[in-house]
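Here is the structure we will look at.
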Amino acid sequence: MKNILVTGGCGFIGSNFVRYWLSNHSDRIVVLDKLTYAGRRENLDDLWSDARLSLVVGDIADGDLVRRVCREQGVTTVVNFAAETHVDQSILGPLVFTDTNVRGTHVLLEVARELNLRFHHISTDEVYGHIPDGHQSVEPDSLAPRSPYSASKAAADQLVQAYFITYGLPVTITRGANNVGPYQYPEKVVPLFATNALLGEPLPVYGDGGQMRDYAHVLDHCTGIEAVLQHGRLGEVYNVGTGREMTNMEMVEIVLDTLGASRDLIRHVADRPGHDRRYSMNVDKLRALGWQPRFDPREAVAEATRWYAENRAWWEPIRSGEFRAYYERQYAERLARANS
Ligand code: NAD
Ligand code: DAU
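Under the working numbering, the residues of the sequence shown are numbered 37 to 376, in order.
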């Protein structure tokens, strides 16, 4: 039995991973989470009574805390989900992205080196930057991030790889595509659009909506991470996605059709600065470990949308609370000037 430190375990993917892992393994999990606006204790309310799960509220950039938790809890493995994760937030206020995603990851690596821990880092397809038609990113491709968020994630990736090369730290990295599923904070596009449609509010599509993303179900990301933790080669990077992308307009139509809502809710608004037009990853390296995705992207978007329709009690307090100020700042002027 292992003791796993899951950082960011109260966020979207982290909480889905904790739930998946406890259902399929006998290991103990310590969640270390700062509980930012995106981290919610209630995402794991069904599991806090499990004696194998505990929560430490704190910052991954606090080395003394991380060291003490790892020592006291006998941690053997770190799975690092903790991050600032929203591109639009990184455009509005970038410095915290460096604090958590770069310095925080570096602090975790230092403690892992000191205590000789297995280290798995969660990265993103955004580190490859915009991908021209006809190419799919493969793991050795060079990194070309273009937003403050993706630049901070690329810096973290390179630190993780440097710790393997320089110190022989047992590391692996997964680079995930756009995840959808339960408990995703409604700043991200699928929960934003699903909850807007459920509230009868317009859906703000950036630019022409022709941008392409691989919308992958979060459970397929969790099984991909599991495959790498169990069978991955140390020092290696693995892409995790479906390998198939769709345009944002196709995604919006799935959301609206799933809810039986009108396409009249669509508004084309001012684009995100530096918006990457296309992400696309080849996932053959992960498939070679025996993994395969269960959901195709259309099913993943539809299934995620249904979850928001069926779980209003989870998102209504978020939408009516602190989220409103961010929503006004990000969308009020865009929507006022929108084209339908
Ligand atoms: P999220 O924003 O839902 O959750 C992030 C979690 O990290 C929250 O619980 C938050 O409280 C916590 N956190 C933030 N700063 C912290 C700090 N300094 N110390 C401790 N905890 C802190 O994010 P998510 O979508 O679940 O993403 C998780 C990871 O997966 C991130 O590393 C992200 O870059 C990566 N990723 C996300 C996607 C996606 O589509 N959401 C895709 C690929 C990779
Ligand atoms: O690709 C992996 C990445 O996916 C993760 O690393 C990030 O943490 C995660 O936030 C996500 O980044 P994106 O920027 O791709 O996701 P987002 O949900 O913000 O946007 C998805 C697409 O939808 C993108 O092309 C921008 C567009 N969009 C987004 C919002 C919020 C809109 O058109 N309107 C919106 O209001």
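Here a beta-carbon is modelled for each residue, glycine too, at the ideal position from N, C-alpha and C.
With respect to the C-alpha of L325, the residue from P309, Y274 and R280 having the closest C-alpha is Y274.
Annotation: the region 100-164 contains the following complete segments of the alpha helix (DSSP H) (minimum length 4 residues), in chain order: 123-128 and 141-151. The C-alpha of S85 lies about 11 Å from the C-alpha of L91. As a beta-bridge residue in DSSP terms, R314 pairs with M248.
Assignment of R88 by DSSP, reduced to helix, strand and coil, places it in the coil class. In the assembly as shown, S356 is an exposed residue. Its beta-carbon has fewer than 16 other beta-carbons within 10 Å. By the CB criterion at 8 Å, Y367 and P240 fall inside the cutoff. Only residues of its own chain outside the window of five on either side were considered, and among them P222 have a CB closer than 7 Å to the CB of L228, listed in chain order.
Ranking R64, H257 and D161 by CA distance to the CA of M248 puts D161 first. With a beta-carbon spacing of about 6 Å, L144 and N116 fall inside the 8 Å limit used to define contacts. Setting aside the 5 residues that flank it on each side, G140 is surrounded in the same chain by I96 and A97, each with a C-beta closer than 6 Å to its C-beta; the list follows chain order. With respect to Y219, F331 sits apart: the two C-beta atoms are not nearer than 8 Å.
Distance from the CA of G260 to the CA of W327, rounded to the nearest whole angstrom, comes to 6 Å.
The beta carbons of A74 and T121 sit closer together than 8 Å. V147 is positioned such that its CB atom lies closer than 8 Å to that of C106.
Positions of the alpha helix (DSSP H) runs, each at least 4 residues long and wholly inside the region 159-215, are given as 184-203 in order along the chain. With a cutoff of 8 Å on beta-carbon distance, N215 and A180 are scored as not near each other. With respect to the 8 Å criterion, G217 and W343 are classified as neighbours on the basis of their beta carbons. E162 has its Cβ nearer than 7 Å to a heavy atom of ligand 2.
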